[in-house]
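*Asks:*
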Amino acid sequence: MEKITMTTPLVEMDGDEMTRILWKMIKDELLLPFIDLKTEYYDLGLKHRDETDDQVTVDASNATKKYGVAVKCATITPNAARVEEYGLKKMYKSPNGTIRAILDGTVFRAPIIVKGIEPNVKTWEKPITIARHAYGDVYRATEMKIDGPGKVELVYTRADGSEERALVHEFDGPGVVQGQHNLLSSIESFARSCFTFALEKKQDLWFATKDTISKKYDHTFKDVFADLYEKEYKQKFEQAGITYFYTLIDDAVARVMKSHGGFIWACKNYDGDVMSDMLSSAFGSLAMMTSVLVSPQGYYEFEAAHGTVQRHYYKYLKGEETSTNSVATIFAWSGALRKRGQMDGLPDLVRFADALEKATIETIESGKMTGDLALITTLPNPTKLNSKDFILAIRENLEKELG
124 MEKITMTTPL VEMDGDEMTR ILWKMIKDEL LLPFIDLKTE YYDLGLKHRD ETDDQVTVDA
184 SNATKKYGVA VKCATITPNA ARVEEYGLKK MYKSPNGTIR AILDGTVFRA PIIVKGIEPN
244 VKTWEKPITI ARHAYGDVYR ATEMKIDGPG KVELVYTRAD GSEERALVHE FDGPGVVQGQ
304 HNLLSSIESF ARSCFTFALE KKQDLWFATK DTISKKYDHT FKDVFADLYE KEYKQKFEQA
364 GITYFYTLID DAVARVMKSH GGFIWACKNY DGDVMSDMLS SAFGSLAMMT SVLVSPQGYY
424 EFEAAHGTVQ RHYYKYLKGE ETSTNSVATI FAWSGALRKR GQMDGLPDLV RFADALEKAT
484 IETIESGKMT GDLALITTLP NPTKLNSKDF ILAIRENLEK ELG
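Heads up: take any position in the sequence shown, counting from 1, add 123, and you land on this note's numbering.
Following this line, the structure appears as structure tokens:
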């Protein structure tokens, strides 16, 4: 068949370890045979980030601003052990944090639902989407080790030179301290993205923080959401037949466990990181969750919500067989291709993205799946496939879908 053409490149951000291996398999078997694939390639593998002093991450982010749509492979955020393992110059920050800081916006994560993979929480009848603020908090924090007695203060020096101070703690011995920040403009963008997304999906929106404890930081988030809702979105929500609901984060966790799903749960940056992993695992697998960063300027960055599958990578290096779930990475590509097709007016590319997702789901529902899903499926006698054979099974179904 004639390959589907593209007019504008995707920004392609390659990654690390087992997901990097899957990335190439997906391109070779599920994309290149069917699409005249156009990408602007950036290698965000840890070694190359180190070689460029992480400038490649900044360049990839700016390219996303230029082209509008990016697709990203999972990457390593190095800890001390990784610095030693890879011989790095320093302990680099999370590439996702760098990208989110440059693009701003909100990360929307939702489970991929397939028959035979039932949620661990039996009341969940519909998917729950996590809307995660993508800027600031602990991901942009400044930290310091305190070596002995002394005073730590927050100092705000205004442009006119005047100061405002607040005591953090009077230390009588060693400790640690951390300073976090956020931007009112980013919080407003986060709120608007959530309200707009809820209206598009026609789903209720929850928002949760800890404003009872954090009476200025978290309370600002709560106030921004409340003010925008009352001024701009309340009437639209009522017309759409959906609701906006605020509660404390601990109350939201308790409520979500007894809910039926089918809503959007907006969280601050760290809360969204943790809760999206909890939801994806409870819905079946960390590899069964989509993730897309949507900026207020209309930039989109699609990725898998999980990590680099380090344990499988070490097995792969030893020549041992792996059965690694590639679904979320496949859906990152399909999401990016669909958005590229929508933005460029390429219906064939949109149809291909739909076909790829359908073929992937049908492969699992036919009983062919990776080991993580075979362990939890309610389907009788599932066939456990290795990493490559699972992708080849999807290709077989994709060829049928494409006729």
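From the three backbone atoms N, C-alpha and C, an ideal C-beta is built for every residue, glycine too.
(1) Which residues in the same chain as Phe318 place their Cβ atom closer than 6 Å to its Cβ, once the five residues preceding and following it in sequence are excluded?
(2) DSSP three-state label for Trp388, please.
(3) At what residue ranges does the segment 270-344 contain a whole run of the beta strand (DSSP E), taking only runs of 3 or more?
(4) Hey, quick one: how far does the beta strand (DSSP E) through Leu169 stretch, first residue to last?
(5) In the DSSP output, what is Leu416 paired with across the bridge?
(6) Looking at C-alpha atoms only, which residue of Leu153, Glu140, Ile127, Ile372 is the closest neighbour of Arg518?
(7) Along the chain, which unbroken stretches of the alpha helix (DSSP H) at least 4 residues long are found entirely within the segment 419-472?
(8) Mapping the DSSP letters down to three states, classify Tyr258 as helix, strand or coil.
(9) So, is the C-beta of Ser449 closer than 8 Å to a C-beta in chain C?
(10) Going by C-alpha distance, which of Tyr279, Lys126, Val300 is nearest Asp270?
(11) Using three-state DSSP, classify Tyr215 as helix, strand or coil.
(12) Is the segment 201-221 touching the segment 340-360, taking contact as three or more C-beta pairs under 8 Å?
(13) Only counting the same chain, and skipping five residues up and downstream in sequence, which positions put a Cβ closer than 6 Å to that of Ile236?
(14) Could you pull the DSSP bridge partners for Asp137 from this structure?
(15) Identify whether Thr130 lies in helix, strand or coil by the three-state DSSP scheme.
(16) Can you look up Val192 in the DSSP assignment and give me helix, strand or coil?
(17) Thinking C-beta only, is Ala427 closer than 8 Å to Asp495?
(18) Terminal residues of the continuous beta strand (DSSP E) containing Tyr209?
(19) Considering only the beta carbon of each residue, do Pro234 and Met412 sit closer than 8 Å?
*Replies:* Put simply:
(1) Tyr356
(2) Look at Trp388 here: in three-state DSSP terms it is strand.
(3) 273-280, 286-294, 298-302, 328-332
(4) It is not in any beta strand (DSSP E) - Leu169 instead sits in the alpha helix (DSSP H) that spans 169-174.
(5) Val230, Glu424
(6) Leu153
(7) 433-440, 450-467
(8) coil
(9) Among the protein chains of the structure shown there is no chain C, as only one such chain exists.
(10) Val300
(11) If DSSP states are grouped into helix, strand and coil, Tyr215 belongs with coil.
(12) Result no; under three Cβ-Cβ pairs closer than 8 Å.
(13) Pro250
(14) Asp166
(15) coil
(16) strand
(17) no
(18) That residue, Tyr209, is in no beta strand (DSSP E); its alpha helix (DSSP H) goes 203-209.
(19) Closer than 8 Å, so yes.
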